[in-house]
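Number of protein chains: 2
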Amino acid sequence: MSASPESETISDFPGAVPAPGRTRISIEGRLLRRLLADLGDPPVEFVLWSGERAAPPGTAPAIRIRIADRGTLLRVLGDPQVQFPDAYSAGRIEVEGDLVQLIALIYRGMEAEDVKHSFGSRVARWFRRNQRNTLAGSRRNIHHHYDIGNEFYAMWLGDTMAYTCAYYPNLAATLEQAQVAKMDHVCRKLQLQPGDNVVEAGCGWGSLALHMAGRYGARVRAYNISREQVAYARERARQQRLEDRVEFIQDDYRNITGHYDVFASVGMLEHVGRENYPELGRVIRRSLGSAGRGLIHSIGRNHPGPLHPWITRRIFPGAYAPSLGEMMQIFEPSGLSVLDVENIRLHYALTLRHWLDRFRAAEDRVRRMFDETFVRMWRLYLAGSIAGFETGTLQLFQVVFSTRENNQIALTRQHQYAT
Amino acid sequence: MSASPESETISDFPGAVPAPGRTRISIEGRLLRRLLADLGDPPVEFVLWSGERAAPPGTAPAIRIRIADRGTLLRVLGDPQVQFPDAYSAGRIEVEGDLVQLIALIYRGMEAEDVKHSFGSRVARWFRRNQRNTLAGSRRNIHHHYDIGNEFYAMWLGDTMAYTCAYYPNLAATLEQAQVAKMDHVCRKLQLQPGDNVVEAGCGWGSLALHMAGRYGARVRAYNISREQVAYARERARQQRLEDRVEFIQDDYRNITGHYDVFASVGMLEHVGRENYPELGRVIRRSLGSAGRGLIHSIGRNHPGPLHPWITRRIFPGAYAPSLGEMMQIFEPSGLSVLDVENIRLHYALTLRHWLDRFRAAEDRVRRMFDETFVRMWRLYLAGSIAGFETGTLQLFQVVFSTRENNQIALTRQHQYAT
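Note that the protein sequences, when read in sequence, are chains D and Z.
The numbers in the first sequence follow this note's numbering, run straight up by one, and end at 419.
The numbers in the second sequence follow this note's numbering, run straight up by one, and end at 838.
Listed below in structure tokens is the structure:
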């Protein structure tokens with residue numbers, strides 16, 4: 001069926017509204033309509049600098065996106081995954097409506113179609129190559145995120161300073177209660193006993209190591225390559241008079257020495273890199289005695305694939321979230337036996353909602369400490385992470401394992417739920 | 420250091436004792452000493468037809484193995500994994516002492532060294548090729564094991580006729596209690612509700628399907644290609660007046676049609692074959708609505724590898740026990756999300772001990788039904804399976820999953836442990 005040039009501008013692009021005083025849809029408006037159609041026509045309206053608008057037909061858009069100029073739009077259309085977040089951070093894009101909902105709509109739309117191998121994704125691969133997790137590369141990557149100031153993180157992580165998924169026994173739990181419940185959940189899964197020797201790989205600001213020593217009577221050696229975090233954790237150990245039971249070591253997990261009853265790693269695997277999983281397995285195996293047991297807690301995926309390219313470029317260089325199958329490359333070649341896997345992705349959405357609330361309340365202080373771009377970048381990262389866990393684009397796996405020959409394993413998981 | 424021919428027979432083969440009236444160790448005795456050394460010198464003594472003995476030095480052997488003739492020994496030395504069990508079944512090898520302990524000692528010794536690519540293992544690969552799980556191949560493979568007589572299985576499986584790993588809430592539970600507890604554990608993991616539509620892939624003699632309908636008010640369509648099992652299960656449904664809620668279908672899981680709330684498969688994956696895991700995933704995905712959930716219960720391994728070659732030749736043709744990483748080929752390509760994995764290998768050792776006790780008590784009846792070789796073959800299969808689960812050569816994984824987009828998943832696993 002052919003159409004006149006006049007009718008084409010209307011029937012081929014329903015939902016597009018010309019700029020005030022114009023009768024035709026611009027090329028930019030057409031491209032935005034096609035982008036929305038590719039995303040499954042979410043209830044989102046674009047408003048251009050000219051006043052021109054584009055939205056799926058027949059919907060009352062819940063979210064409005066204002067684009068400041070033609071240069072921004074062209075950059076976004078060329079590499080939306082990286083340029084949209086960058087333009088939002090720079091204030092060239094404004095979002096009216098729920099930021100989490102917007103990103104969730106985009107994720108759901110993207111799940112429906114295959115990821116394109118655009119120029120942008122080739123650039124993203126180049127960036128990833130430069131972020132390899134060698135000993136030196138890991139130090140650079142970790143420094144980028146974790147050494148930007150303990151004071152900044154203290155504004156929104158809460159009293160525990162735990163920067164990993166919390167565990168909500170119920171929806172009414174506070175962030176602090178849920179972080180303590182997470183530490184107890186981990187210790188119960190590990191059946192931690194007084195006197196147990198624990199090695200922790202990647203310990204953040206030390207909350208789990210101190211909890212294991214203070215509440216369970218364990219002795220803990222905790223490794224971390226973030227200078228700022230180790231300094232903070234050591235100070236906490238002094239304040240809590242736990243220096244004789246907890247040792248914080250500023251070194252890479254690959255340099256762990258000694259023998260232990262328990263291996264624990266909460267939120268470090270994301271920074272290890274797939275290529276190093278078998279080596280991590282060998283480190284674990286050589287560190288554990290024959291009745292050894294361990295737990296790895298990590299962000300994961302339903303199927304293998306890189307993290308969002310903007311996240312690895314701006315937020316977490318060198319990061320990777322494995323599928324459960326990929327995680328098995330830690331355990332299967334190394335004589336380790338997987339006992340228990342729990343996926344608690346909805347808990348990370350809850351945790352992140354608490355963090356985002358506190359972050360937004362602290363934005364003025366963050367702006368004075370850094371700048372407006374930093375505030376918008378981090379707001380977007382936290383909102384996008386909520387959307388990732390709510391849509392199932394991201395998962396959170398806790399994996400309990402033991403040495404293959406260990407028969408002193410629990411018969412049931414009842415002990416994890418004892419009151 | 421050189422040794423005289425005289426001293427060689429003693430110092431190079433400590434633990435070997437010549438035949439009565441002889442002063443030298445025979446070539447067979449030397450080979451057996453080397454075999455024991457390769458296995459890490461377990462406390463096992465071989466006694467040959469000549470009266471010659473071989474055992475690790477300095478041990479008091481807990482187990483004695485009598486070999487009837489030279490031909491048997493040579494066959495065992497050429498392909499021990501297949502020929503030892505065959506010779507035991509034929510009565511050419513006798514074991515004095517605990518059969519389970521013997522096999523556990525061998526498994527632990529074998530874990531220490533790599534499996535050799537012997538002529539025997541090449542033959543085993545040829546057998547496996549002939550056991551491929553095409554639609555027709557699966558029918559042949561399943562017929563071989565499951566259609567040998569319901570009366571036979573009823574002698575030792577207990578009232579539930581469940582031929583899969585039970586779940587022992589405590590060590591004092593009876594076999595029947597543990598099988599019912601397993602079915603409840605599965606139903607709780609699935610959060611089964613009255614009116615739920617369930618499809619079961621591989622249903623044995625129907626115990627789980629009938630339990631889901633009778634105790635939880637579900638509607639179940641259960642697929643199975645074993646003619647004998649389906650006939651038995653239909654008769655049970657009639658007796659329990661559940662024909663209107665449970666339908667037993669004699670067909671392959673690949674031919675499942677319809678839409679369901681729940682997918683369940685307990686003890687069938689072992690017969691699916693790795694090459695068919697992605698297809699199984701597609702069958703599951705197309706069968707489930709957006710809030711769909713499921714459970715797969717299967718024997719597994721800590722790392723990829725074929726089952727014992729004698730098991731796939733004599734007991735379970737076409738069978739394969741996957742590592743957890745291999746199991747992910749069901750879920751990861753198909754838009755399914757893994758929520759929960761539990762490894763209950765010690766429960767299978769307990770279950771099998773109960774089965775073996777009942778089997779041994781029924782051996783006279785089994786012998787009349789089949790023959791002595793059959794009795795010994797099945798005794799060895801059950802004892803070997805106990806050893807496999809106790810040594811960690813075999814695992815038992817229960818995997819709970821849902822469709823990727825399902826957010827109506829439980830926040831915690833507390834419901835699995837409610838009383």
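Every residue, glycine too, gets a C-beta built ideally from N, C-alpha and C.
Computed from a predicted model, the values in this text were never measured in an experiment.
For E595 of chain Z, the enclosing alpha helix (DSSP H) covers residues 594–608. Within the segment 748–761 of chain Z, the residues whose Cβ lies closer than 8 angstroms to any Cβ of chain D are, in chain order, Q748, F750, E751, P752, G754, L755, S756, V757, L758, D759, V760, E761. Each residue's CA atom was taken as its position, placing V47 of chain D and R66 of chain D some 5 angstroms apart. Its Cα nearest to that of P723 of chain Z, the residue Z:G744 stands out among Z:R704, Z:A738, Z:G744.
Per DSSP, reduced to three states, the secondary structure at F820 of chain Z is strand. Remark: C-beta atoms of N224 of chain D and F263 of chain D do not approach each other more closely than 8 angstroms. Scanning the segment 298–365 of chain D for uninterrupted alpha helix (DSSP H) segments of 4 residues or longer gives 324–331, 345–361, listed from N- to C-terminal end. When DSSP reads this structure, E247 of chain D sits in a beta bridge with D:R221. In the DSSP assignment, V495 of chain Z falls within the alpha helix (DSSP H) that extends over 489–497. With distances taken between CA atoms, R772 of chain Z lies nearest to Z:L576 out of Z:L576, Z:R634, Z:G811.
Of all alpha-carbon atoms in Z:G434, Z:P461, Z:G510, the one lying nearest the alpha-carbon of I522 of chain Z is that of Z:P461. Rounded to whole angstroms, the Cβ separation of R219 of chain D and R245 of chain D is 5 angstroms, and the two are in contact under 8 angstroms.
Here N255 of chain D is exposed, its C-beta having fewer than 16 other C-beta atoms within 10 Å.
Under the Cβ criterion of 8 angstroms, S645 of chain Z is not counted among the residues facing chain D. Taking D566 of chain Z as the centre and dropping the five residues before and after it, the same chain places the C-beta of S645, R646, E647 closer than 7 angstroms to its C-beta, in chain order. Against chain Z, the CB of H303 of chain D has a partner CB under 8 angstroms away; the residue lies at that interface. Ranked by how close their Cα comes to the Cα of E515 of chain Z, the residues Z:R551, Z:V463, Z:A506, Z:W468 have Z:V463 in first place. Assigned with DSSP and collapsed to three states, F793 of chain Z falls in helix. Distance from the Cα of M369 of chain D is smallest, within the candidate group D:Y163, D:T59, D:Y153, D:A136, for D:Y153.
Looking only at Z:L755, Z:Y526, Z:V436, the smallest Cα-Cα distance to S821 of chain Z is reached by Z:L755. Distances from the CA of L73 of chain D to each of D:P85, D:A62, D:I63 were compared; the closest alpha carbon is that of D:P85. R66 of chain D has D:V47, D:E94 as its beta-bridge partners, per DSSP.
As summarised for the segment 235–300 of chain D, the continuous alpha helix (DSSP H) elements at least 4 residues long and confined to that stretch are 277–287, given in chain order.
Under the three-state reduction of DSSP output, A591 of chain Z falls in the coil class, being neither helix nor strand.
Residues of chain D whose Cβ lies closer than 7 angstroms to the Cβ of L609 of chain Z do not exist, since the nearest Cβ in that chain is about 15 angstroms away. Between the alpha carbons of A181 of chain D and S717 of chain Z lies a gap of roughly 32 angstroms.
Within the segment 141–166 of chain D, no residue places its CB atom closer than 8 angstroms to a CB of chain Z. For R449 of chain Z, the secondary structure class from DSSP, reduced to helix, strand or coil, is helix.
Chain-ordered, the chain Z residues with CB closer than 8 angstroms to the CB of R404 of chain D read E530, N721, G811. Taking CB atoms only, L324 of chain D has a neighbour in chain Z less than 8 angstroms away.
At a beta-carbon threshold of 8 angstroms, the residues of chain Z lying near I409 of chain D are L765, ordered along the chain. Going by DSSP, N197 of chain D is part of the beta strand (DSSP E) stretching over 197–201. Ranked by Cα distance from G636 of chain Z, the first of Z:G623, Z:L611, Z:R764 is Z:L611. As for any alpha helix (DSSP H) of minimum length 4 sitting wholly inside the segment 546–584 of chain Z, the runs are 554–565, 569–573, ordered along the chain. A direct Cα-to-Cα measurement between G206 of chain D and P194 of chain D gives close to 19 angstroms. Taking C-beta atoms under 8 angstroms as the contact rule, A438 of chain Z and L455 of chain Z fail to qualify, at a distance of about 18 angstroms.
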